[in-house]
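Number 1156 in this note's numbering belongs to position 210 of the sequence shown; there are no gaps in the numbering.
Even glycine gets a Cβ: it sits at the ideal position worked out from N, Cα and C.
Note that the structure is predicted; figures quoted are calculated from it, not measured.
Structure record follows, encoded as structure tokens.
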Amino acid sequence: PAGDAAMALVGNAFLPDGWAGFHAAPFGDWPRAPPPTDFLWSEACHTAGEALPVSYSGEDALEMLKAADPSVVDLKLDGASLGEEVLQCFSTSLGENQSLRTLRIEMIGFGPQGAALIAKALESNRSLTSLSLLYTGIGAQGASALAGVLSQGSSLTSLDLSGNTLGPAGVGHIADAVANNCELVELTLALNCVGRVGVGKIVDALRSNRNLRLLDLSNNNLRLEGAVLLAEALVDPACPLTSLVLADNKLGAAGIQRLASALVRNATLTSLGLASNGGRDACMESIAEAVVANDWLTSLDLSMNSVSLHGVDQLLVALDHNTTLTEINLRNNVVPSARLLAVEEKISRNRLVRVFTVWCEHLDQDTLSISCVNLNGETKAALEVSTSEAFATTHAHIAALLEVDDATLRLALPSGVLVEDPTNKASAAELLLEL
């Protein structure tokens, strides 16, 4: 059913074919039925030995938090509500605990009060880095409580609020926290009725945020209007995102075209998820242009978009001019297996290629500073060379620092033209400065 498919895409975690369970367990992708609603089921992951899920009653989970066992770093609570008294004790124990790193709650009746108590615990807890409140009914009121503690400063770097029907108001509260440059690196708001108004608030927040890297807005009915707003955010050089997931948002060909056009100018995004958006072949020309022009994207999901042979053929031509894409998902499209194999063959070549941006500047009249930065923004090689040094010598130095064979290293100008060994030393310095 459509709802199950949407849940399978939450957090960009694509489940195995044939998956039919209510959700995937957090420490493995085995399917299972939903738990009964008359008990609390929790799982704990221990640092010692192999991480295996263990079942506890609500009281046992509470006692485990009270004991502050440092080996318990991941905890999952699933099922019916804890009850007000137990929930209060759970919040207090969570606030005092300084070893738990991941907390995932899927709980009927958890609601805004539960979110408020978790927010209160986060004021003193400094170990928790990942929080998931899935299908817990926290609403806009619960989102407001969480946004408050995020804005004040918390240890959380990952927040998943999928399936809580936050609406534009609740999303606005979270966006306010993002705008205040909270420490969040990953934010998942799938299945939250975000709509155009909500995505507008998120885009506004991104203008001032410098920390957020992953944003998942799957299944939020964003349509073309939402795609236009997100495309505007992507062309902003200050946009911090490296991963954007927009599965099942009815973007249509026009929406995907706007995002693809933004990719031509974007230099930060490495992963884009566009599954199940009705793109068809009409969007593939823009996708192909982006594949040729963009030197950063490594993963692209175009599954379930009714793309046919003609659209994939456009992509195949573009891949001849791309060196960064290593993952392309084209499953559940109208494409012969032979063409899918051809795509895989072309991107497998890219998995053997490492791409760096080379920065050069004058330190003084006679010295150049050269640094090589990978797609994650990490400097992998840095050296100083004389402006009179032969290009071949500098080429060999860079290869040695990158630990690659000198014969396999290629340097290219921004135009894409390969830099060959020039005939005189003066032009060598000029070419390096153009890199």
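Which residues share a DSSP beta bridge with residue i?
i, result
"T1303", "V1319"
"R1050", "K1022, S1078"
"N1240", "Answer is none; N1240 lacks a bridge partner."
"N1212", "Answer by DSSP bridge pairing: none, since N1212 is not bridged."
"A1062", "For A1062, which the question treats as bridged, DSSP gives no partner whatsoever."
"G1219", "V1191, D1247"
"D1106", "S1078, T1134"
"A1327", "C1318"
"S1332", "T1313"
"H1308", "L1314"
"N1275", "D1247"
Quick one: is residue i buried, meaning 16 or more other Cβ sit within 10 Å of its Cβ, or exposed?
i, result
"P1183", "exposed"
"N1110", "buried"
"H1119", "buried"
"W976", "Unreliable placement is indicated for W976, whose pLDDT of 29 sits below 50; no coordinate value is reported for it."
"R1204", "buried"
"A1091", "buried"
"V1181", "exposed"
"E996", "Residue confidence for E996 is low, a pLDDT of 38 falling below 50, so the modelled location carries little weight and cannot support an answer."
"G1041", "buried"
"L998", "Residue confidence is low: L998 scores 40 on pLDDT, short of 50, so the model does not pin down where it sits. Its coordinate-derived value is still stated next. So L998 counts as exposed."
"A990", "With a pLDDT of 47 at A990, under the threshold of 50, the predicted position of this residue should be treated as unreliable, and no value is reported."
"G1029", "exposed"
"L1174", "Correcting the residue type first, residue 1174 is Val in the shown sequence and not Leu. It is buried - the Cβ of V1174 has at least 16 other Cβ atoms within 10 Å."
"T1244", "buried"
"A1093", "buried"
"N1157", "exposed"
"S1357", "Here the sequence assigns Leu to residue 1357, which means Ser is not the residue at that position. Flag for L1357 reads buried."
"D1312", "exposed"
"A1089", "buried"
"T1216", "buried"
"L1137", "buried"
Taking residue i and residue j to be in contact with their CB atoms under 8 Å, please state how far apart those CB atoms are, rounded to whole angstroms.
i, j, result
"G1141", "N1166", "7 Å"
"V1301", "N1268", "The Cβ separation is near 10 Å, so there is no contact."
"S1189", "R1159", "6 Å"
"L1170", "L1192", "Not really, about 12 Å apart at Cβ, beyond 8 Å."
"F1261", "L1218", "Note that residue 1261 is Leu in the sequence shown, not Phe. Actually they are not in contact, since the Cβ atoms of L1261 and L1218 sit about 14 Å apart, beyond 8 Å."
"L1074", "S1101", "6 Å"
"A1208", "A1177", "4 Å"
"S1104", "V1131", "7 Å"
"L1348", "C1318", "6 Å"
Which residue from the options puts its Cα closest to that of residue i?
i, options, result
"S1283", "V1143, A1125, L1255", "L1255"
"L1220", "D1227, R1204, D1194", "D1194"
"N1071", "S1164, V1095, A1089, A1336", "V1095"
"V1331", "H1341, T1325, R1295, G1323", "H1341"
"S1078", "T1244, A1093, E1052, A1213", "E1052"
"L1049", "G1029, P1058, L1028, D1024", "D1024"
"R1297", "I1316, L1287, W1305, L1271", "L1271"
"A1346", "E1178, E1009, D1150, A1328", "A1328"
"D1122", "C1139, N1138, T1103, Q1098", "Q1098"
"T1082", "P1186, S1101, D1106, L1218", "D1106"
"G1057", "L1068, S1076, L1112, L1021", "L1112"
"E1335", "P1186, K1326, S1315", "S1315"
"D1266", "H1343, V1289, S1249, S1252", "V1289"
"A1234", "T1216, D1259, R1295, T1134", "D1259"
"D1241", "S1249, N1251, A1213", "A1213"
"G1116", "D1351, C1139, N1127, N1126", "C1139"
For a cutoff of 8 Å on Cβ pairs, would you count residue i as touching chain B?
i, result
"V1350", "Among the chains in the structure shown there is no chain B, since it carries only a single protein chain."
Segments of 3+ residues assigned as beta strand (DSSP E) that fall wholly inside the segment 1160 to 1187 = 1160 to 1162
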